[in-house]
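Notes for the one structure printed next.
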Amino acid sequence: MLKVAKFGGSSLADVKQFEKVRSIVEADPARKVIVVSAPGKRFSKDNKITDLLYLCYAHIKYGVDYRPMLESIRERYREIVDGLGINFDLDAAFAEIESALGSDASESYLVSRGEYLCARICAKYLGYEFVDAKDTVFLNYDGSIDTDRTYEAIKLAYSKSSGRIVVPGFFGSLDDGEICLMSRGGSDITGAIFAAALDADIYENWTDVPGILMADPSIVKDPYPIPKITYDELRELTYMGAKVLHEASVYPVKVAGIPVNIRDTNNPEADGTLIDESFENDDLKDDKFYITGITGKKHYTIIDVKKDNLSLDAISTVMQVLVSRGIKVEQVNSGLDVFSVILENGVNKQSVYSIATEIEKLTGGSVKISEGISMIACVSRRMVFRSGISGLIFGALGENDINIRLISQGARELNILIGVADEDCDRTVQVLYDSFTKRGNN
Ligand code: ASP
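The following block contains the structure:
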């Protein structure tokens with residue numbers, strides 16, 4: 015059994031957090047590959063090491079003395095190393111960084127040292143072997159991963175190792191050997207790549223939340239974590255605005271058929287959220303809440319085209335106009351005399367008006383524009399088996415005086431989309447969350 019466990023910055027922010035990581039790793043001998051971020055915030059007004067490193071480089075770039083900043087970063091690591099009581103030569107590590115800076119090291123090199131040092135310290139503390147991402151993760155010049163070369167290198171490095179390794183996340187190297195960063199939060203991607211390359215049984219992503227939540231906690235107070243979610247459901251929720259794992263960070267494991275388990279470092283007893291392609295024995299009774307998650311996204315525009323006996327030709331004209339203007343269509347809805355398109359959110363007002371004029375001219379129909387529309391998605395793989403879900407939605411929104419502007423169900427019955435006015439968006443999410451969870455609890 016092989017588990018790849020990635021720990022985020024908040025899980026490694028200070029000595030106490032490192033200790034939690036060690037007890038998690040030691041609790042399961044299958045946790046053989048550990049991927050780490052740089053130390054994150056210890057409290058809400060604190061700074062992440064990665065941000066401090068970016069700032070440090072900005073000092074260098076603008077000719078301001080960077081040493082006090084680098085010193086404060088060294089202090090953060092010093093506290094960790096001393097508090098863990100390990101024998102790690104921090105002065106030598108920082109001397110190496112300073113000497114690289116003296117010979118014009120890049121911003122990516124400097125910023126990557128956050129993860130690099132964290133991984134070296136963590137390896138020492140756990141008694142694992144350090145494996146550098148520079149030698150195992152290869153990026154193309156466009157920032158994408160050179161998968162073949164990377165997977166080969168990971169397999170080789172792991173086979174030559176003691177079998178228990180710690181790897182820094184968030185960076186790799188380019189063809190010319192230069193360090194290259196991934197996008198922010200990229201350690202999630204590194205974890206997924208290692209899990210896929212080594213054909214792990216599971217990819218654990220340890221963070222500071224109880225899992226993926228059923229709704230946005232800034233709208234709904236203490237929403238329940240989702241116990242199980244499929245990749246398809248996750249995609250729907252992410253697409254509709256839920257701030258969960260970035261798609262790129264699950265793609266390698268999704269393709270490899272490896273489940274992801276999001277876990278809470280501060281509450282390791284909890285099961286967190288399990289993400290997989292599908293679930294065996296996915297019993298309907300399991301899912302007391304009917305739905306997996308709810309999310310809302312604001313600022314859409316709807317264009318309604320009305321014409322008696324709307325023909326396919328007219329519909330295709332509308333679509334061609336939108337395509338020619340490079341406007342992304344989120345959803346379409348069509349009836350006998352009306353065809354509605356929901357446009358990507360935030361589309362420029364001026365272009366909507368000129369598009370409407372062109373559509374009227376070309377189709378001979380009348381066009382109505384509705385702006386300030388929010389789309390609320392209720393996502394669930396169980397919808398297909400259940401009756402009464404849309405009834406519940408209509409009932410709950412009706413009782414709460416929320417006017418539904420549009421309703422549409424995805425073809426695979428994975429989600430129901432409801433359009434409401436922007437000012438009703440948060441209330442709709444809250445009302446639906448309450449009615450689904452209350453019903454589930456009865
Ligand atoms: N430390 C980097 C960041 O703050 C990468 C990561 O945490 O995954 O974005």
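So the sequence shown is numbered by my numbering: it starts at 15 and just counts up by one. Each residue gets a CB set at the ideal place from its N, CA and C atoms; glycine is no exception.
T64: beta carbon under 7 Å from a heavy atom of the ligand SAH? With respect to the ligand SAH, the structure shown offers nothing to examine, as its ligands consist of the ligand ASP.
Spatial neighbours of T309 within its chain, please: C-beta separation below 6 Å, excluding the five flanking residues on both sides. Correct list, in chain order: L251, M254, G255, A256 and A391.
What are the residues that DSSP puts in a beta bridge with Y314? Partner(s): I387.
Apart from the five residues just before and just after N359, which ones in its own chain have a Cβ nearer than 7 Å to its Cβ? Only K311, K312, H313 and Y314 meet the Cβ criterion.
Y155 lies in the beta strand (DSSP E); which residues open and close that run? Note, Y155: premise wrong, no beta strand (DSSP E); not H, not E.
Would you please verify whether the beta carbon of T150 is less than 8 Å from any beta carbon of chain B? Of the chains in the structure shown, none is chain B; there is only one protein chain.
Would DSSP call F184 helix, strand or coil? Looking at F184 - three-state DSSP - the assignment turns out to be coil, as it is neither helix nor strand.
Would S173 be called buried (16 or more neighbouring beta carbons within 10 Å of its own) or exposed? Burial state of S173 is exposed, judged by a 10 Å Cβ sphere holding fewer than 16 other Cβ atoms.
First and last residue of the alpha helix (DSSP H) that includes G433? G433 -> not in any alpha helix (DSSP H); beta strand (DSSP E) instead, spanning N429 to A435.
Quick check: is any heavy atom of the ligand ASP less than 7 Å from the C-beta of D160? False, no ligand heavy atom lies under 7 Å from that Cβ.
Compute the minimum distance between the beta carbon of E294 and the heavy atoms of the ligand ASP, and state whether it is under 7 Å. False, no ligand heavy atom lies under 7 Å from that Cβ.
Would you mind stating whether R127 and W220 have Cβ atoms separated by less than 8 Å? Going by C-beta atoms, R127 is not nearer than 8 Å to W220.
Flag F208 as yes when its Cβ comes closer than 7 Å to any non-hydrogen atom of the ligand ASP, and as no otherwise. Judged by the Cβ position, F208 fails to qualify as a neighbour of the ligand ASP at the 7 Å threshold, every heavy atom of the ligand being at least this far.
For R10, list the residues DSSP reports as bridge partners. Beyond the ends of the chain as shown, which are 15 and 456, falls residue 10; an answer cannot be given.
Would you kindly work out how many angstroms separate the C-alpha atoms of M228 and L420, rounded to a whole number? Spanning the two alpha carbons is a distance of roughly 23 Å.
Beta strand (DSSP E) segment containing L420, residue limits: In the DSSP annotation of this structure, the continuous segment of the beta strand (DSSP E) that includes L420 starts and ends at L420 to Q423.
Could you pull out every residue in the same chain whose Cβ sits closer than 7 Å to the Cβ of P237, ignoring the five residues on either side in sequence? Hits under 7 Å: L227, M228, A229, P231 and Y447.
Round the Cβ separation of D186 and A214 to the nearest angstrom and send it over; I've been treating them as touching at under 8 Å. Here residue 186 turns out to be Gly, not Asp, going by the sequence shown. Going by Cβ atoms, the distance from G186 to A214 rounds to 19 Å, so no, they are not a contact pair.
Give me, in chain order, the residues of the same chain whose beta-carbon lies closer than 7 Å to that of I329; leave out the 5 immediate sequence neighbours on both sides. Within the same chain, I329 has close Cβ partners S348 and F353.
Considering only the alpha carbon of each residue, which of R90, D103, Y71 and L26 lies closest to L124? Nearest in C-alpha terms to L124, of all of R90, D103, Y71 and L26, is Y71.
Is the beta carbon of T279 sitting closer than 8 Å to the one on D202? Result no, Cβ atoms of T279 and D202 do not sit closer than 8 Å.
Determine the burial state of T371: buried for a count of at least 16 other Cβ atoms within 10 Å of its Cβ, exposed for fewer. T371 is exposed by the Cβ-count criterion.
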